[in-house]
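Engineer: Got a structure for you, questions after.
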Amino acid sequence: MRVILKGASTGRNKGKGHAHMDEESGAQQEGRIAIIGAGIVGLMTALEIQRTGRQVIVIDPGEPGGRQAASYGNAAWIGPGGIMPISVPGLWRQVPGFLMDKSGPLVIRWASLPSLLPWLLRFVWAGRSWKKVEECAKLRFELCRSSTIDHQKVAAEAGVDHLVEQKGSLNIYRDRSEFLASGFAWDMRRRLGIKFIELDETELQKLEPNISGRYRLGVLIPDQAHITDLKAYCQAIANLIEKRGGEFIRAQATGLAISRGRVRAVKTGGGVIECSQVAITAGIGSRKLAAAAGDRVPLISERGYHVVIADGGHTIIQPILPADAQMCITPTRQGLRIAGQVELATVEATPDWRRAEVLQRWVSRVFRVPPETDEVIDQWMGHRPSTPDGLPCIGAAPSCDGLFYGFGHGHAGLTQAPATAKLLAALVAGQEPPFDISAMAVGRF
Ligand SMILES: Cc1cc2nc3c(=O)[nH]c(=O)nc-3n(C[C@H](O)[C@H](O)[C@H](O)COP(=O)(O)OP(=O)(O)OC[C@H]3O[C@@H](n4cnc5c(N)ncnc54)[C@H](O)[C@@H]3O)c2cc1C
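With positions in the sequence shown counted from 1, the corresponding number in our numbering is that position plus 33.
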């Protein structure tokens with residue numbers, strides 16, 4: 034066996050020298066599956082596929098869960114609560130406001146509007162009726178119902194169970210009318226059997242004494258959890274994959290080699306990686322790769338930001354979501370992470386750090402005693418890989434055999450990663466998925 038991969042560094046396995054194809058015979062290494070993307074979806078997928086006895090090779094130019102990935106910088110919430118898509122009836126009425134209000138939770142960059150318009154129209158259409166929203170929420174529930182338990186199991190296997198903290202999550206509201214504005218979501222959660230506890234002002238203060246008097250009502254979802262260090266979590270999963278014989282290649286996938294209707298290899302800037310199957314789990318990078326295979330997907334980046342500030346760990350006990358701010362505040366090992374904002378702009382557009390400042394300004398409104406220091410430890414911008422209908426693309430590619438998709442998780446990819454991984458592992462093994470996933474097929478667009 035000779036290595037034919039030129040230029041692409043073999044990342045975590047640097048120097049070991051990996052054989053990818055017998056150059057002379059051109060023989061394909063049967064059984065090996067390439068996973069493109071080492072964000073949380075790719076990592077979980079690699080791990081699940083390994084369980085079926087297959088050899089996996091994970092391709093990414095960056096570190097697993099590194100800064101380039103949405104999986105590095107998100108709000109770190111997991112659990113059964115994330116059932117709601119963003120597009121709901123009446124949202125379109127707010128779009129003009131989004132275009133004007135520079136400090137709101139959603140902004141659209143004027144320059145990007147023409148290219149985003151087709152996606153936006155589909156997005157609004159997806160939430161045209163509560164019946165449509167309900168159908169979507171039910172499918173999302175299938176992807177998040179066991180998220181906390183699944184993450185806990187994986188964390189334990191990877192030796193980092195301390196990174197998953199199950200303290201619930203807390204939505205906070207200024208008054209009852211604000212709470213009732215999201216009545217559909219709570220009713221839907223009740224109907225799906227998701228446990229939650231309503232708290233009046235006294236109970237809220239007792240649970241989280243540092244929440245300011247601005248908020249008079251809270252709803253606690255006890256089965257929610259959060260990851261206290263996402264990068265360390267992703268790296269621990271990567272270590273586990275490697276320990277079980279998986280390989281990591283540091284390279285950018287540029288396309289696929291497809292012949293006679295079947296995927297044969299992944300093309301990278303440094304060479305060709307032969308494999309018998311491929312899973313594209315490359316977050317926002319998946320659109321180009323799917324297009325290269327012949328599948329066009331309306332996938333855009335809902336750009337999001339985070340700010341991490343030092344807080345000594347005393348500000349809050351559990352993650353909170355103030356309804357008027359539409360952002361998440363999560364206690365992490367590095368500090369208090371304030372994550373949110375949806376900025377619709379192209380992937381290439383430079384970050385607008387004023388979005389991060391908007392997030393940071395909320396701290397003094399949300400807390401009675403804001404963190405003593407407002408030292409900013411980290412600021413970050415990343416790409417939520419979003420389809421217009423609030424569902425990811427999971428399934429076999431219609432364009433060719435041996436190719437599978439697992440991307441487009443938008444606001445909930447960390448939550449939905451374990452279920453996505455199990456579905457992909459089943460599909461790759463030729464098994465029936467445990468529930469009907471046709472609504473997540475890439476061909477639906
Ligand atoms: C501010 C913010 C807050 C969020 N909060 C939450 C939350 O609390 N809970 C939740 O569940 N979700 C949340 N999300 C969403 C979540 O972060 C994403 O849905 C999830 O991280 C997507 O994971 P992924 O693995 O698909 O993509 P990513 O994490 O982006 O990983 C994709 C990987 O693919 C690689 N890649 C791309 N193109 C190529 C290529 N051509 N070749 C090789 N590799 C490639 C990239 O380098 C990257 O490492 C949030 C997102 C943001 C931005």
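We treat Cβ as the ideally placed atom computed from N, Cα and C, and that holds for glycine.
Computed from a prediction, not measured in an experiment: that's the story for all the values here.
With respect to 6 angstroms, is the separation between the Cβ of S334 and the closest non-hydrogen atom of ligand 1 below this value?
Structural biologist: Checking the Cβ of S334 against ligand 1 gives no.
Engineer: Measuring alpha carbon to alpha carbon, tell me which of A189, Y206, I227 and T348 ends up nearest A170.
Structural biologist: Checked all of A189, Y206, I227 and T348; the closest Cα to A170 is I227.
Engineer: Going by the C-beta, is S104 closer than 6 angstroms to any heavy atom of ligand 1?
Structural biologist: Within the cutoff, so yes.
Engineer: Measuring CB atoms only, is the stretch 243-257 touching the stretch 93-102, in the sense that at least three cross pairs come out at less than 8 angstroms?
Structural biologist: Verdict: no, contact absent.
Engineer: List the residues that DSSP assigns as beta-bridge partners of C426.
Structural biologist: Partner(s): F440.
Engineer: Could you check where the alpha helix (DSSP H) with S104 kicks off and where it finishes?
Structural biologist: A103 to G106 is the extent of the alpha helix (DSSP H) around S104.
Engineer: Ligand 1 and G279: does any heavy atom of the ligand fall closer than 6 angstroms to the residue's C-beta?
Structural biologist: Flag unset: Cβ of G279 not near ligand 1.
Engineer: Less than 7 angstroms between C-beta atoms, sequence neighbours within five positions excluded: which residues of the same chain meet that for A67?
Structural biologist: The answer, listed in chain order, is I90, I92, V299, I306, C308 and V311.
Engineer: Between H184 and ligand 1, is the CB less than 6 angstroms from at least one heavy atom?
Structural biologist: H184: no, Cβ never under 6 angstroms from ligand 1.
Engineer: Taking the alpha-carbon of R209 as reference, which of L250, Q185, T363 and L240 has the nearest alpha-carbon?
Structural biologist: For R209, the nearest C-alpha among the options comes from L250.
Engineer: Please classify R207: does DSSP put it in a helix, a strand, or coil?
Structural biologist: Coil at R207, not helix or strand.
Engineer: Would you list the one or two residues that DSSP bridges to L139?
Structural biologist: L139 is bridged to V375.
Engineer: Does the beta-carbon of G50 have 16 or more other beta-carbons within 10 angstroms, so that it is buried, or is it exposed?
Structural biologist: Because the pLDDT at G50 is just 34, under 50, the model does not fix this residue reliably, and the value given afterwards should be weighed accordingly. G50 should be labelled exposed.
Engineer: Indicate, with yes or no, if ligand 1 has a heavy atom lying under 6 angstroms from the CB of T448.
Structural biologist: Flag set: Cβ of T448 near ligand 1.
Engineer: Using the three-state DSSP reduction, which class does H184 fall into: helix, strand or coil?
Structural biologist: Helix at H184.
Engineer: For I470, which three-state DSSP category applies?
Structural biologist: Coil, per DSSP.
Engineer: Would you mind reading off the limits of the beta strand (DSSP E) that contains D411?
Structural biologist: First-last of the beta strand (DSSP E) with D411: V409 to S419.
Engineer: Determine whether the beta carbon atoms of F156 and L225 lie at a separation below 7 angstroms.
Structural biologist: No, Cβ-Cβ distance for F156 and L225 is not below 7 angstroms.
Engineer: Could you check how far apart the C-beta atoms of G112 and T181 are, in whole angstroms? I think they sit under 8 angstroms.
Structural biologist: The pair is a contact, with the Cβ atoms about 5 angstroms apart (cut-off 8 angstroms).
Engineer: CA-CA distance, E335 and Y266?
Structural biologist: The straight-line gap from Cα to Cα measures roughly 24 angstroms.
Engineer: Reducing DSSP to helix, strand and coil, say where C361 ends up.
Structural biologist: Of the three classes helix, strand and coil, the one that applies to C361 here is strand, per DSSP.
Engineer: Reducing DSSP to helix, strand and coil, say where A332 ends up.
Structural biologist: The amino acid at residue 332 is misidentified as Ala; the sequence shows Leu. If DSSP states are grouped into helix, strand and coil, L332 belongs with coil.
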